[in-house]
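Shown next, in structure tokens, is the structure this report addresses.
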Amino acid sequence: MSAELVNLAAATTAGRLGAVAYGLAAIGPGVGIGLVFGHSIEAMARQPEAMPVIRTNMFLGFALCEVLALLGLVVPFIFQK
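Going by our numbering, the residue at position 80 of the sequence shown is 83; the numbering climbs one at a time, nothing skipped.
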């Protein structure tokens, strides 16, 4: 019975560490997405004629930042025991 409790405690701890890791991994992309949109809006306000190029680059930057957040979600599941 004690071996089962030890295994359960280890699984619970690993799950909590995975949740903490994802929480920390979500900080970077959150900041990155804010910077991407903020600077693209500033660039569009300065040069309205370049709006299509800026918008394309903005969505590309958003997608790359979002991939980092998804990797932060998947990696704890990959490296589980």
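Think of the CB as a built atom: it goes at the ideal place given N, C-alpha and C, for glycine as much as any other residue.
Beta-carbon proximity of residue i to residue j, cut-off 8 Å
i     : j     : result
Ile57 : Ala72 : no
Tyr25 : Leu76 : yes
Val39 : Cys68 : yes
Nonlocal neighbours in the same chain, by C-beta distance under 8 Å from residue i, ignoring five residues either side
i     : result
Glu52 : none
7 Å CB neighbourhood of residue i in its chain, flanking five on each side removed
i     : result
Gly31 : Leu71
Residue i in three-state terms, based on DSSP
i     : result
Phe65 : helix
Proximity winner among the options, relative to residue i (alpha-carbon distances)
i     : options                : result
Asn60 : Arg19, Ile36 and Ala28 : Ile36
Phe65 : Ala28, Ala48 and Ser43 : Ser43
Sequence-distant residues of the same chain with beta carbon closer than 6 Å to residue i, five excluded per side
i     : result
Gly33 : none
Beta-carbon separation (whole angstroms), residue i vs residue j, contact threshold 8 Å
i     : j     : result
Pro79 : Gly21 : 3 Å
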